[in-house]
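Enquirer: Have a look at this one.
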Amino acid sequence: MAILSLVIFRHNSHKNLYLIAIVFLCLVCLISLSSFPPYITISQPTKVGEETHLPEEPCSGRLIYIHDLPSKFNQDLLRDCKNLDKQVDYCPLLKNHGFGPVLNDTMDFTSGGSWYATNQFMLSVIFHNRMKQYECLTNDSSIASAIYAPFYPGLEMRRFMKGRFSYKVRDAMGRNFVEWLKGRPEWGVMLGWDHFFVSGRITWDLRRGTNPFGNWGTKLLELPVSKNMTVLAIESSPYGQNDFAIPYPTHFHPWSDSEVVEWQGRVRKEKRQYLFAFSGAPRRHASGIRGEIIRQCKHSSRCKSLGCVRNDLCNRPDNVIKMFMKSDFCLQPAGDSYTRRSTFDSILAGCIPVFFHPGSAYVQYLWHFPQNYRKYSVFIPMDVIKNASATVEGVLSQIPEEHVTALKEEVIGLIPKIIYAKKKLEKFED
């Protein structure tokens with residue numbers, strides 16, 4: 001996974017700074033040497049004047065060690081799926097290593113059976129399964145470039161989201177997790193700077209006390225020990241230095257490169273009937289603009305909307321993807337937090353995302369989206385909508401057709417970067 005390369009790069013950077021500042025020179029030498037192959041074989045002697053080309057070890061600088069955590073931190077949560085939520089049965093959502101139930105191919109999406117009803121909060125489970133398939137795993141933590149701790153904090157948090165649970169109860173498993181890590185010899189080498197885990201939730205769900213939601217969630221990411229580790233989340237904090245945003249899981253989990261190419265070809269040829277579309281429910285936040293966006297969409301013949309109030313229309317991926325495939329632009333106003341899974345659904349459908357706040361994408365998915373946001377999206381400041389100085393339709397209808405085509409092609413090119421495949425792809429890095 002491309003994500004792993006970026007995690008390893010960050011850890012190597014931290015490692016160098018940490019060692020220079022704190023560790024003795026001999027330890028610096030040992031850790032520096034650990035990234036080189038233990039031996040090099042040269043098949044023929046090098047002649048004078050010829051360049052020396054040493055064979056590269058395919059896993060040099062890419063080795064990852066996985067902690068064998070007690071099962072209470074991961075597998076027990078899966079086995080106890082019926083008790084993760086008193087109102088929703090999570091067991092079907094955990095099928096197929098977190099991908100969820102296979103979708104009935106009502107739209108004939110692709111021929112490979114690679115579409116699933118994937119829940120947006122299953123990334124810790126999905127990531128763990130892909131890590132088991134990673135080609136550069138090692139049982140020797142001393143030569144690893146990064147150490148992965150397969151904890152499922154999002155599922156653990158789910159057990160205590162509804163009901164009046166004390167802070168002590170909500171935080172217990174997270175504290176046990178960091179205490180277990182602190183007791184391991186692997187932790188003592190760099191005090192966790194080489195460790196990472198996947199939260200499976202937005203960062204604010206694990207930052208009680210500093211999040212904008214009051215007493216919501218746990219405080220796992222506010223624990224001093226956690227601040228040393230790299231955290232991969234579907235939404236990161238603009239103030240944190242150790243959490244990084246990675247894409248929400250979509251519904252497409254292909255087996256092969258050919259499936260990806262097939263899907264890109266299909267969305268590229270799709271005839272778009274609508275200028276813009278919106279899928280979602282209104283929010284009660286006074287500072288939000290969702291209500292106005294829904295109103296504008298309903299009053300425009302060039303907009304298609306999918307309401308998500310008291311029905312399961314939005315819970316059916318085929319409804320959402322089909323609508324986005326028929327639209328040039330897909331509106332992505334902030335909801336309960338700045339980011340939305342809908343952003344990645346729209347990219348998957350070849351629909352150009354329209355953002356109203358930089359926190360919805362531009363300061364989040366730095367590893368996955370182009371630095372120049374104008375290449376793949378449209379930005380309409382929230383104040384434009386609030387002050388009624390322009391309408392969404394008015395802004396979007398002024399974009400030249402050739403620019404719309406270029407934006408769409410850039411979006412389609414992003415598809416391989418935002419999906420989580422069933423296994424490592426040959427051509428694309430998911």
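Residue numbering for the sequence shown follows UniProt numbering, starting at 1 and increasing by one per position.
The beta-carbon is built from N, C-alpha and C at its ideal position, and this holds for glycine as well.
(1) Kindly identify the DSSP beta-bridge partner or partners of Ala233.
(2) With a Cβ-Cβ cutoff of 8 Å, do residue 477 and Asn83 count as a contact?
(3) So, Ser124 versus Gly200, is the Cβ gap smaller than 8 Å?
(4) Decide if Asn96 is buried, meaning its Cβ has at least 16 other Cβ atoms within 10 Å, or exposed.
(5) If you draw a straight line from the C-alpha of Ser60 to the C-alpha of Thr138, how long is it?
(6) Using the C-alpha atoms, what's the distance from Ala390 back to Leu366?
(7) So if DSSP puts Phe252 in a beta bridge, which residue, or which two residues, is it bridged to?
(8) Where DSSP assigns a beta bridge to Lys304, which residues make up the other side?
(9) Given this structure, state the Cα-to-Cα distance separating Ser226 from Val178, to the nearest angstrom.
(10) Give the single residue among Arg302, Asn119, His195, Phe428 whose Cα lies nearest to the Cα of Val7.
(11) Relative to the alpha-carbon of Tyr373, which residue among Val392, Pro353, Asp336 has its alpha-carbon at the smallest distance?
(12) Note down, in chain order, each residue of its chain lying with its Cβ closer than 7 Å to the Cβ of Lys386, except the 5 sequence neighbours on either side.
(13) Between which two residues does the alpha helix (DSSP H) carrying Ile293 extend?
(14) With respect to the alpha helix (DSSP H) encompassing Ser124, which residues constitute its N-terminal and C-terminal limits?
(15) Measure from the alpha carbon of Glu57 to the alpha carbon of each residue in Cys136, His67, Phe127, then state which is nearest.
(16) Buried or exposed: Gln364, going by 16 or more other Cβ atoms within 10 Å of its Cβ?
(17) Could you pull the start and end residues of the alpha helix (DSSP H) that Ser346 belongs to?
(18) Output the distance between the C-alpha atoms of Ala149 and Leu78, rounded to the nearest integer angstrom.
(19) Measure the beta-carbon distance from Gly98 to Ile126 and round it to whole angstroms, keeping in mind my assumption that it falls under 8 Å.
(20) Do you know whose CA, among Met157, Asn215, Arg341, lies nearest Ile246's CA?
(21) Between His251, Glu235, Met157, which lies nearest to Leu103 when the distance is taken from Cα to Cα?
(22) Helix, strand or coil for Val354 per DSSP?
(23) If you draw a straight line from the C-alpha of Tyr381 to the C-alpha of Tyr338, how long is it?
(24) Would you check if there are 3 or more beta carbon pairs closer than 8 Å linking the region 315–334 to the region 229–238?
(25) Using 10 angstroms around the beta-carbon of residue 431, count the other beta-carbons present and answer buried if the total reaches 16, otherwise exposed.
(26) Mind checking whether Tyr152 and Phe73 have CB atoms under 8 Å apart?
(27) If you draw a straight line from the alpha carbon of Leu348 to that of Asp318, how long is it in whole angstroms?
(28) Which same chain residues, not among the five before or five after Lys86, have their C-beta less than 6 Å away from its C-beta?
(29) By Cβ distance, which residues of its chain are closer than 7 Å to Lys304, with the 5 residues on each side in sequence left out?
(30) Among residues of its own chain, excluding the 5 on either side of Phe344, which ones have a beta-carbon nearer than 6 Å to its beta-carbon?
(31) Would you kindly check if the distance between the Cβ of Asn129 and the Cβ of Leu93 is under 8 Å?
(32) Any idea what DSSP makes of Ala167, helix, strand or coil?
(33) Can you tell me whether Ile31 is buried or exposed? The criterion is at least 16 other CB atoms within 10 Å of its CB, across all chains shown.
(34) Less than 8 Å between the beta carbons of Ala406 and Pro254, yes or no?
(35) Using a threshold of 8 Å, state whether the C-beta atoms of Lys408 and Gly350 are closer than that.
(36) Could you say which of Thr203, Ile3, Leu181, Ile202 lies nearest to Trp193 if we only look at CA atoms?
Expert: According to the data block:
(1) Under DSSP, Ala233 shares a beta bridge with Ala245.
(2) A question about residue 477 goes unanswered here, because the residues of the chain that appear run from 1 up to 430.
(3) Contact: yes.
(4) Within a 10 Å sphere around the beta-carbon of Asn96 sit 16 or more other beta-carbons, which makes this residue buried.
(5) Across the structure, Ser60 and Thr138 are spaced so that their CA atoms are roughly 11 Å apart.
(6) Going from the Cα of Leu366 to the Cα of Ala390 covers about 29 Å.
(7) Bridge partners of Phe252 according to DSSP: Trp115.
(8) Answer is Ala277, bridged to Lys304.
(9) Taking the straight line from one Cα to the other gives about 7 Å.
(10) Among Arg302, Asn119, His195, Phe428, the Cα nearest to that of Val7 belongs to His195.
(11) From the listed residues Val392, Pro353, Asp336, the smallest Cα separation to Tyr373 is found for Pro353.
(12) For Lys386, same chain residues with a beta-carbon under 7 Å away, outside a window of 5 residues either side, are Ile289 in chain order.
(13) Ile293 -> alpha helix (DSSP H) spans 290–298.
(14) Unbroken alpha helix (DSSP H) run through Ser124: 123–132.
(15) Ranked by Cα distance from Glu57, the options Cys136, His67, Phe127 are led by Cys136.
(16) Around the beta carbon of Gln364, 16 or more other beta carbons lie within 10 angstroms, which makes this residue buried.
(17) Counting along the chain, the alpha helix (DSSP H) containing Ser346 begins and ends at 342–348.
(18) Taking the straight line from one Cα to the other gives about 16 Å.
(19) Between Gly98 and Ile126 the beta-carbon gap is near 4 Å, inside 8 Å, which marks them as a contact.
(20) Out of Met157, Asn215, Arg341, the CA that lies nearest to the CA of Ile246 is found in Arg341.
(21) Closest option to Leu103, Cα to Cα, is His251.
(22) Three-state DSSP puts Val354 in a strand.
(23) The sequence shown places Pro at residue 381, rather than the Tyr named in the question. Between Pro381 and Tyr338, the C-alpha separation is close to 14 Å.
(24) With contact defined as three or more Cβ pairs closer than 8 Å, the region 315–334 and the region 229–238 are not in contact.
(25) Nothing in the structure corresponds to residue 431, since the chain is present only between 1 and 430.
(26) Closer than 8 Å, so yes.
(27) Using only the alpha carbons, I get a separation of about 12 Å.
(28) Hits under 6 Å: none found.
(29) The residues are Tyr274, Ala277, Met323, Lys326, Ser327.
(30) Answer for Phe344: Pro247, Tyr248, Thr250, Ile418, listed in chain order.
(31) Not a contact, by the Cβ cut-off of 8 Å.
(32) Residue identity check: residue 167 is Tyr in the sequence provided, not Ala. The answer is helix: DSSP assigns Tyr167 an H, G or I state.
(33) Unreliable positioning characterises Ile31 in this predicted model, as indicated by a pLDDT of 29, which lies under 50. The coordinate reading is nonetheless provided below. Label assigned to Ile31: buried.
(34) Result no, Cβ atoms of Ala406 and Pro254 do not sit closer than 8 Å.
(35) Against a cut-off of 8 Å, the Cβ pair of Gly350 and Lys408 comes out as a contact.
(36) It is Leu181 whose Cα lies nearest to the Cα of Trp193.
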